[in-house]
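Scroll down for the structure; my scribbles are underneath it.
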Amino acid sequence: MSLILKARALGKKYRRRWALSNCTLDVPTGRVVGLVGPNGAGKSTLLNLASGMLTPTSGDIEVCGGRPASGTAQLAKVGFVAQDTPTYAGLTIGEHLRLGDRLNPGWDAALAERRIRRLGLDPRQRAGRLSGGQRAQLALTLGIAKRPELLILDEPVAALDPLARREFMRDLTDAVAEHGLSVVLSSHLVSDLERVCDHLIVLVDSRVQAAGDVDALLATHHRFTGTRRDPAGLPADHHVVSVHHNGRDTTLLVRADAPVDDPAWTVSRPDLEDVVLAYLGRPATDGHSPRSALEALR
Amino acid sequence: MIWLTWRQLRTQAGATYALLAVLAVILATTGSQLLHLYETAGADFLTRLTEADNSLYLVGALAVMALSALIGMFWGAPLITRELDAGTHRLVWNQSVTRTRWLITKLGLTGLAAMAAAGALSLAVSWWAGPIDATADGSSVLAGFYFPRLSPLMFDARGVAPIGHAAFAFTLGVTLGVLIRRTLPAMIVTLVAFITVQVAVPLWVRPALIAPARLTTPISAANFRLWDGENVKVLIDKPGAWTIGQHTVDAAGRSVAAPSWIPDCLGQVRAELDTGCLDRLGRLGYRQLVSYQPAGRFWTFQWYELGIFLALAVLLALFCAWWIRRHVS
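Chains as they are written, first to last, in our numbering: chain D, 9 to 306; chain P, 150 to 478.
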């Protein structure tokens, strides 16, 4: 599996607080990867490190085979749509496209203009007068028309209303299908990601809790429901991700290639959100930095 | 990157250059009349200047000095701070342009435009005031109004020094903007810091750039200028010189305070100045030791000043580059 992004023991420290520590993660090439995790998990820091906006305090990160932002060629390979999708309020849409044209050797002017036309935007309009959704679309256009190998989007829809979210995500899906680029996009909402992503990485406290293609994640996770009991009796290849006791019932989320056929349990298919939430509710695997401790520091 | 820098500079630069153009037209039309008067009027040139000429003389000088401060505030402070405020640095740093090239183009181009504006204005004002500067040597009756161009009051509004001031004010604004991270406070701090430097340099730095010349002169009614409450001050017969300091010495050359009878003797209405007491000082061997910078050093000081401020501007730009690399994301 070729990797578009590879992080090894990656860390970033602000004054005394580690925003990301000892993070090791692989992102496969040619996928639309959703990076999901609670606020403060280090998603934004990780993506900013990948784009070269930040430099790591420790560890290594390699993106498209190079060190992030190490030069013009590397910058041309990675597109980054920052959080809140900033644009120049005083510049028109047309001037933004001209900016992209002037600053990127691989700029696809026809693509950019086509996108703006299709979105129904007037090139003479100033970016400062656009709605949040339109501004996000403009930022996305700049990211795509640059024709990067990897497009990184940091919470691109966090500030948008549900309708604009849906439109943005649909548009992103179309663009990905058309140009076949790799995408990493973060969100703390699974519902934003499940329509677009074919690969998911769950990040909690700088640690990858689960990673894999969405199909595989869904195929290997099972919900076990039964009368209240200790889950210890399950076979060894069954990893219990979460346990919920509800009155006289127990609900487990279990990772296993094939669920055991045990009449004591009713096995059903969880949806993607169930799987992700099960991992989000768990403390970090290595136990170094339980979530509660991190929250207390902030 | 050049296009983007120009696009972002366009409004401020357009306004500044338009104002300068208006001022240049006024200076050009009145300047030729002034030159004609200078060539025909002879010795009483200064007394024949009109009210309008006097106003322009002051306005021109103030404009040169104010331009650098305004450039620092309105071109320098917002240059990068505005981007950090709006987060647009995250947009532009993710195009295929390195941060270093982005900063060099932005600082270089905007800085050059600032220096060109200051240079053009100073050139126009220096040319206009040329006849006055040539006549106002600090010795005439109008010495209180027309200052020699080497004097601290005029030096910053003449020659090439304003180019250095503009470059410095600009990078100072950029640096303070990046450090403070908020545009309005950065603009105010830039103004205060720039004025502080402009006051401190003629007081402490410029006089020491070249060791001052010294002369000892007898005190007489002819060269007496004023009594400042503690010491006698005299005028020296060095046209256009910048007097840096003076004190009274006795016959043996020792630095002394003025004799105690001087205040009483001089403490009369200036119009009825008792020349006798000044002559008595002279008879007792009191003389005045004066340190000064001769008028001929004007251009040497101008080039020194330009060099110093350009060097400061480069240092500030390097600091900015380092700071942005290290602390901004």
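Beta carbons are placed, not taken as given, at the ideal position from N, Cα and C, and that holds for glycine.
*Identify the contact partners of Thr-4 (chain D) in chain P, using a Cβ-Cβ distance below 8 Å as the criterion.*
Nothing in the structure corresponds to residue 4 (chain D), since chain D is present only between 9 and 306.
*List the whole-angstrom C-beta distance separating Val-381 (chain P) from Gln-437 (chain P), where the pair is believed to meet the contact cut-off of C-beta under 8 Å.*
Rounded to the nearest angstrom, the Cβ distance from Val-381 (chain P) to Gln-437 (chain P) is 7 Å, consistent with a contact under 8 Å.
*asked:* Counting only C-beta atoms, is Ser-59 (chain D) closer than 8 Å to chain B at any point?
replied: Here chain B cannot be found, since the structure's protein chains are D and P.
*Under a CB-based cut-off of 8 Å, is Gln-161 (chain P) close to chain D?*
False, the Cβ-Cβ gap to chain D never drops below 8 Å.
*Relative to the alpha-carbon of Leu-467 (chain P), which residue among P:Leu-358, P:Ser-404, P:Leu-321 has its alpha-carbon at the smallest distance?*
When each option's Cα is compared against that of Leu-467 (chain P), the closest is P:Leu-321.
*Using the beta-carbon count (16 or more within 10 Å), is Met-264 (chain P) buried or exposed?*
Result: buried.
*asked:* Using a Cβ-Cβ cutoff of less than 6 Å, which residues in the same chain neighbour Met-214 (chain P) once the five nearest sequence positions on both sides are dropped?
replied: Within the same chain, Met-214 (chain P) has close Cβ partners Asp-305, Ala-306.
_CB contact below 8 Å: Leu-246 (chain P) versus chain D_ = Per the sequence presented here, residue 246 (chain P) reads as Val, with Leu not at that position. Closer than 8 Å to some Cβ of chain D, the Cβ of Val-246 (chain P) qualifies, so yes.
*Quick check: the region 271–283 of chain P against the region 205–213 of chain P, are there 3 or more CB pairs under 8 Å?*
They touch, by the three-pair rule.
*For a contact meaning CB atoms closer than 7 Å, what does Glu-103 (chain D) contact in chain P?*
Result: Arg-156.
_Check whether the region 224–240 of chain D and the region 269–279 of chain D are in contact - that is, three or more C-beta pairs closer than 8 Å._
Using a C-beta cut-off of 8 Å, the region 224–240 of chain D makes contact with the region 269–279 of chain D, since at least three inter-stretch Cβ pairs fall below that distance.
_Quick check on DSSP: helix, strand or coil for His-314 (chain P)?_
His-314 (chain P): helix per DSSP, three-state reduction.
_Short of 8 Å Cβ to Cβ, which residues in the region 100–126 of chain D face chain P?_
For the region 100–126 of chain D, which is checked against every Cβ of chain P, the residues closer than 8 Å are Glu-103, Arg-106, Leu-107, Gly-108, Arg-110, Leu-111, Asn-112, Pro-113, Gly-114.
*Decide if Asp-213 (chain D) is buried, meaning its Cβ has at least 16 other Cβ atoms within 10 Å, or exposed.*
It counts as buried.
*Do you know offhand how far Ala-371 (chain P)'s Cα is from Asp-386 (chain P)'s?*
So the two alpha carbons sit approximately 11 Å from each other.
*By the 10 Å Cβ neighbour count, where 16 or more other Cβ atoms means buried, how is Asp-269 (chain D) classified, buried or exposed?*
With fewer than 16 other Cβ atoms within 10 Å, it is exposed.
*Hey, out of D:Ala-84, D:Asn-112, D:Leu-28, whose CA is closest to Met-150 (chain P)'s CA?*
Distances from the alpha-carbon of Met-150 (chain P) to those of D:Ala-84, D:Asn-112, D:Leu-28 put D:Asn-112 closest.
*asked:* Assuming contact is defined by CB atoms lying nearer than 8 Å, are Gly-50 (chain D) and Ala-77 (chain D) in contact in what I supplied?
replied: Result no, Cβ atoms of Gly-50 (chain D) and Ala-77 (chain D) do not sit closer than 8 Å.
*Return yes when the Cβ of Gln-133 (chain D) is within less than 8 Å of the Cβ of Phe-176 (chain D), no when it is not.*
No.
*Skipping 5 residues on each side, what residues in its chain have a beta carbon closer than 8 Å to that of Glu-307 (chain D)?*
Outside the shown range of chain D (9 to 306) lies residue 307 (chain D), about which nothing can therefore be said.
*With distances taken from CA atoms, which of P:Leu-430, P:Ile-312, P:Gln-442 is nearest Ile-359 (chain P)?*
Taking only the C-alpha atoms, the option nearest Ile-359 (chain P) is P:Gln-442.
_Outcome for His-185 (chain P) when other beta-carbon atoms lying within 10 angstroms are tallied against a minimum of 16_ = Exposed, since its Cβ has fewer than 16 Cβ neighbours within 10 Å.
*Interface residues of chain D around Trp-391 (chain P) at Cβ under 9 Å?*
Ordered by position in chain D, no residue passes the 9 Å Cβ test against Trp-391 (chain P), which lies about 46 Å from the chain.
*asked:* Quick check on Leu-233 (chain P) - is its C-beta less than 8 Å from some C-beta in chain D?
replied: No, its Cβ sits nowhere closer than 8 Å to a Cβ of chain D.
*Residues from the region 45–76 of chain D in contact with chain P, defined by Cβ distance under 9 Å*: Cβ contacts with chain P: Asn-56, Ser-59, Gly-60, Met-61, Leu-62, Thr-63.
*Give the straight-line distance between the Cα atoms of Gly-220 (chain D) and Gly-45 (chain D), rounded to the nearest whole angstrom.*
Between Gly-220 (chain D) and Gly-45 (chain D), the alpha-carbon positions lie close to 15 Å from each other.
*asked:* Does the region 179–194 of chain D come into contact with the region 153–166 of chain D, if we say contact requires no fewer than three beta-carbon pairs (one atom in each stretch) closer than 8 Å?
replied: Yes, since at least three Cβ pairs between the region 179–194 of chain D and the region 153–166 of chain D fall closer than 8 Å, the two stretches touch.
*Measure the CB-CB distance between Leu-325 (chain P) and Thr-339 (chain P) and report whether it falls below 8 Å.*
At a Cβ-Cβ threshold of 8 Å, Leu-325 (chain P) and Thr-339 (chain P) count as neighbours.
*For the beta strand (DSSP E) that Cys-31 (chain D) lies in, which residues bound it at each end?*
Unbroken beta strand (DSSP E) run through Cys-31 (chain D): 25–36.
_For Val-418 (chain P), three-class secondary structure by DSSP_ = At Val-418 (chain P), the pLDDT of 46 sits below 50, so the modelled position is not reliable; the number obtained from the coordinates is stated separately. DSSP places Val-418 (chain P) in coil when its eight states are reduced to three.
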